[in-house]
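**Student:** For the sequence shown, the numbering used here gives the first residue as 3, with consecutive numbering after it. Where is the CB? At the ideal position from N, CA and C, for every residue including glycine. Fair warning: this is a prediction, and the values are worked out from it, not measured in the lab.
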Amino acid sequence: MKRIAVIGLGQRIAHVLAAMDETGWTFEIAGHVDPAPVGLPILADAGLSPGRAFADVAGLLAAGPYDLVMIGSPNHLHLPHLEAALVAGFPVFAEKPIVRTIEESYTLARRLTHPGTPPLFIGLVMRSMPLVREVIARVDSGELGELVSMDATEHLHPEHGAYLARNWRRKAEWGGSFMLDKVCHDFDIFGRLVGARPARVASFGGRRIFHPGRAQDPQTYENGEPAYALRDSGWMAANDAFHSDMDLFDHQTAIVNYANGVALAFHSNSHVNLQERRWYLAGTRGTLVADLVRNRMLYRPALDRRRPEKLDFATRTADLHNGADQAMAADLLAALENRAPFPVTAWDSLEAGLTVMAIDEAALSGQVVDCAPIWAQLDAARAGHGHDVSRRAGP
Ligand SMILES: NC(=O)c1ccc[n+]([C@@H]2O[C@H](COP(=O)([O-])OP(=O)(O)OC[C@H]3O[C@@H](n4cnc5c(N)ncnc54)[C@H](O)[C@@H]3O)[C@@H](O)[C@H]2O)c1
């Protein structure tokens, strides 16, 4: 029976715990810290008890030992919560983005090099998706030849966009940025597929959807059903997506030039009614489209006139994770029990976050950002210690 502590018992960690339960973990939630746990109804639906409510993180950690400390707090709290859990010495699972700013990334990188740092697993859940594993395997096999260019999208339906505009994610001080919270997953996979870090990035974004000037626009569907009211917006929620104090973008585009020459164009919008999350990979010998919404992959060699190969991955779920949560729960158990490495490292997670942070810097400054200084600082923070804590064996 694994003993688990939770810091930030929100919707996400509750879903991960439910997936762990579904996939055969035997565990108890020994305790949690959360001023107003939004995830309680999800845990209750899964038949899981939240354990003892502690007033603060120090009290929770002092009541260890734990087999796993799970962090699901808003993004600005990840660094202090990670620092506390790592000092306590228990294995940690933390939600993405690993941290919220460039400086926090360097601070955590330095912290990860301390001897005796426990294993750290980051919830970049797409790494566990069977479709994504297939895409990575195809690219690694050389089937596509050399990867030349890619385009990708992440388009959210209006309810999801409105949730982001009401929830704590609407403000930079809590969420970081629109793209950091939503698409650090995708940029983690792009970095993995390309096999190089971004050299230069440019980006444009704005707040043109959820702002007071649009508050008089229709807020019902054509059949009279109310729009924009999907779910509880939780901690620090605002009442109205159009009148909130949001200071982040609601749509953004980016272009990335990777150090090995691969080019990427990315388009994201939070108010579409043709939902899409799609990666289009063009290699010298083949073309691959991954449709993450329909959980489907299309592939055809560049010089082949036969029908494209179509792979349908069976699982489609309403959360659009399409079975990834369950797959990640299995990966996490295997990593904790030293049966297999977790599919993504803390260092990968830092690089994915820094890539998006560089993109945001480009969008805010209106300049092309040269990423070399960012990587130099990350490498300096890591220098001399060479090992990656997230690849180390569990206790
Ligand atoms: N991997 C994924 O696909 C995925 C999906 C959704 C969210 N997330 C990440 O999970 C994290 C949580 O997001 P969420 O959607 O569950 O948000 P949420 O608002 O549902 O949950 C956040 C929880 O943190 C709690 N909290 C606030 N201050 C706290 C404090 N000082 N100490 C402890 N808890 C505190 C809130 O009360 C709330 O219950 C975020 O980092 C988010 O980016 C990841």
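Name the DSSP beta bridge partners of Met72, please?
**Tutor:** In the sequence shown, counting from the first residue as 1, residue 72 sits at position 70. Val8, Phe95.
**Student:** Pull up the DSSP beta-bridge partners for Thr155, would you.
**Tutor:** Residue numbering aside, residue 155 sits at position 153 when the sequence shown is read from its first letter. BP columns for Thr155 point to His269, Arg280.
**Student:** Answer yes or no: do Leu290 and Met299 have a C-beta to C-beta separation smaller than 8 Å?
**Tutor:** As a working mapping, residue 290 is identified with position 288 in the sequence shown. As a working mapping, residue 299 is identified with position 297 in the sequence shown. Yes. Within cutoff.
**Student:** Grouping DSSP H, G and I as helix and E and B as strand, with all else coil, what is Met238?
**Tutor:** Locating residue 238 in the sequence shown gives position 236, counting from the first residue. Correct three-state label for Met238: coil.
**Student:** At the level of alpha carbons, what is the spacing between Arg394 and Arg216?
**Tutor:** Mapped onto the sequence shown, residue 394 falls at position 392. Mapped onto the sequence shown, residue 216 falls at position 214. At Arg394, the pLDDT of 34 sits below 50, so the modelled position is not reliable; the number obtained from the coordinates is stated separately. Distance between the alpha carbons of Arg394 and Arg216 is about 51 Å.
**Student:** How would you call Leu276, buried or exposed, if buried means at least 16 neighbouring beta carbons within 10 angstroms?
**Tutor:** Here residue 276 corresponds to residue number 274 of the sequence shown, with the count starting at 1. Exposed is the call here.
**Student:** Do the region 259-273 and the region 141-161 make contact, defined as three or more Cβ pairs closer than 8 Å?
**Tutor:** yes
**Student:** Among Leu313, Ala7, Trp377, Asp234, whose alpha-carbon lies nearest the alpha-carbon of Ala198?
**Tutor:** The residue labelled residue 198 in the question sits at position 196 within the sequence shown. For Ala198, the nearest C-alpha among the options comes from Trp377.
**Student:** From the DSSP output, in three-state form, read off Asp333 for me.
**Tutor:** Numbered from its first residue, the sequence shown carries residue 333 at position 331. Looking at Asp333 - three-state DSSP - the assignment turns out to be helix.
**Student:** Determine the closest residue to Arg302 out of Arg296, Leu294, Val295, Lys312, with distance taken between C-alpha atoms.
**Tutor:** Stepping through the sequence shown from its first residue, residue 302 is reached at position 300. Taking the Cα of Arg302 as reference, the smallest distance to any Cα among Arg296, Leu294, Val295, Lys312 is reached at Lys312.
**Student:** Using the Cα positions of Tyr260 and Gly33, report the straight-line distance between them to the nearest angstrom.
**Tutor:** Counted from its first residue, the sequence shown places residue 260 at position 258. Counted from its first residue, the sequence shown places residue 33 at position 31. For Tyr260 and Gly33, the distance between alpha carbons rounds to 44 Å.
**Student:** How would you write the range of the beta strand (DSSP E) that Tyr301 sits in, first residue to last?
**Tutor:** For the purposes of this step, residue 301 is taken as the residue at position 299 of the sequence shown. It spans 298-303 - the beta strand (DSSP E) in which Tyr301 sits, taken as one unbroken run.
**Student:** Per DSSP, what kind of secondary structure is Thr289 in: helix, strand or coil?
**Tutor:** Numbered from its first residue, the sequence shown carries residue 289 at position 287. Thr289: strand per DSSP, three-state reduction.
**Student:** For Ala360, count the other beta carbons within 10 Å of its own beta carbon; 16 or more makes it buried, fewer makes it exposed. Which is it?
**Tutor:** Looking up residue 360 in the sequence shown gives position 358. Burial call: buried.
**Student:** Does DSSP put Asn259 in a helix, a strand or coil?
**Tutor:** Counting from one through the sequence shown, the residue named residue 259 turns up at place 257. Here Asn259 sits in strand by DSSP.
**Student:** What's the gap between the Cα of Ala240 and the Cα of Gly177?
**Tutor:** What you label residue 240 is simply residue 238 of the sequence shown in a count that begins at 1. What you label residue 177 is simply residue 175 of the sequence shown in a count that begins at 1. Roughly 14 Å between the two C-alpha positions.
**Student:** Using a Cβ distance threshold of 8 Å, determine whether the region 89-99 contacts the region 120-138, with at least three qualifying pairs required.
**Tutor:** yes
**Student:** Can you list, in chain order, the residues of its chain whose CB lies under 7 Å from that of Asp381, leaving out five sequence neighbours each side?
**Tutor:** The sequence position of residue 381 within the sequence shown is 379, counting from 1. Result list for Asp381: empty, nothing under 7 Å.
**Student:** Would the region 82-93 and the region 62-69 be scored as touching if the rule is three or more Cβ pairs under 8 Å?
**Tutor:** In the pairwise beta carbon analysis, the region 82-93 is classified as touching the region 62-69: at least three pairs are separated by under 8 Å.
**Student:** Using only CA atoms, which one of Arg202, His162, Met238 lies nearest to Pro39?
**Tutor:** Position 37 of the sequence shown, counted from the first residue, corresponds to residue 39. Of Arg202, His162, Met238, the residue nearest in Cα terms is Met238.
**Student:** In three-state terms, what does DSSP make of Ile403?
**Tutor:** Here the chain covers residues 3 to 397 and nothing more, so residue 403 does not appear.
**Student:** Taking all protein chains shown into account, decide if Ile6 is buried (16 or more other Cβ within 10 angstroms of its Cβ) or exposed.
**Tutor:** Translated into positions along the sequence shown, residue 6 becomes position 4. With 16 or more other Cβ atoms within 10 Å, it is buried.
**Student:** Report yes or no: is there a C-beta of chain D within less than 8 Å of the C-beta of His187?
**Tutor:** No chain D is part of this structure, which consists of one protein chain only.
**Student:** Exposed or buried, what is Asn340 when buried is set at 16 or more other beta-carbons lying within 10 Å of its beta-carbon?
**Tutor:** Taking the first residue of the sequence shown as 1, we reach residue 340 at position 338. Label assigned to Asn340: exposed.
**Student:** Specify the secondary structure class of Ser205 as computed by DSSP and reduced to three states.
**Tutor:** Sequence index remark: in the sequence shown, residue 205 carries index 203 (1-based). Strand.
**Student:** Taking the alpha carbon of Leu250 as the point to measure from, which residue in Glu353, Leu166, Leu79 has its own alpha carbon closest?
**Tutor:** By 1-based counting over the sequence shown, the position of residue 250 is 248. Check the Cα spacing between Leu250 and each of Glu353, Leu166, Leu79: the tightest is with Leu166.
**Student:** Could you give the DSSP three-state label for Pro214: helix, strand or coil?
**Tutor:** Counting from one through the sequence shown, the residue named residue 214 turns up at place 212. Pro214: helix per DSSP, three-state reduction.
**Student:** Are there three or more Cβ pairs, one per stretch, closer than 8 Å when the region 329-349 is compared with the region 363-377?
**Tutor:** no
**Student:** What residues in its chain sit with their C-beta under 6 Å from that of Lys4, if we drop five residues either side in the sequence?
**Tutor:** Numbered from 1 along the sequence shown, position 2 holds the residue referred to as residue 4. Closer than 6 Å at Cβ, skipping near neighbours: Phe29, Asp69.
**Student:** Between Arg14 and ligand 3, is the CB less than 7 Å from at least one heavy atom?
**Tutor:** Of the ligands this structure carries, namely ligand 1, none is ligand 3.
**Student:** So the candidates are His78, Met131, Pro120; which of them puts its Cα closest to the Cα of Ser107?
**Tutor:** By 1-based counting over the sequence shown, the position of residue 107 is 105. Checking every option, the nearest Cα to that of Ser107 belongs to His78.
**Student:** Measuring straight from C-alpha to C-alpha, what distance separates Val185 and Ala316?
**Tutor:** Position 183 of the sequence shown, counted from the start, is the residue given in the question as residue 185. Position 314 of the sequence shown, counted from the start, is the residue given in the question as residue 316. C-alpha separation (whole angstroms): 23 Å.
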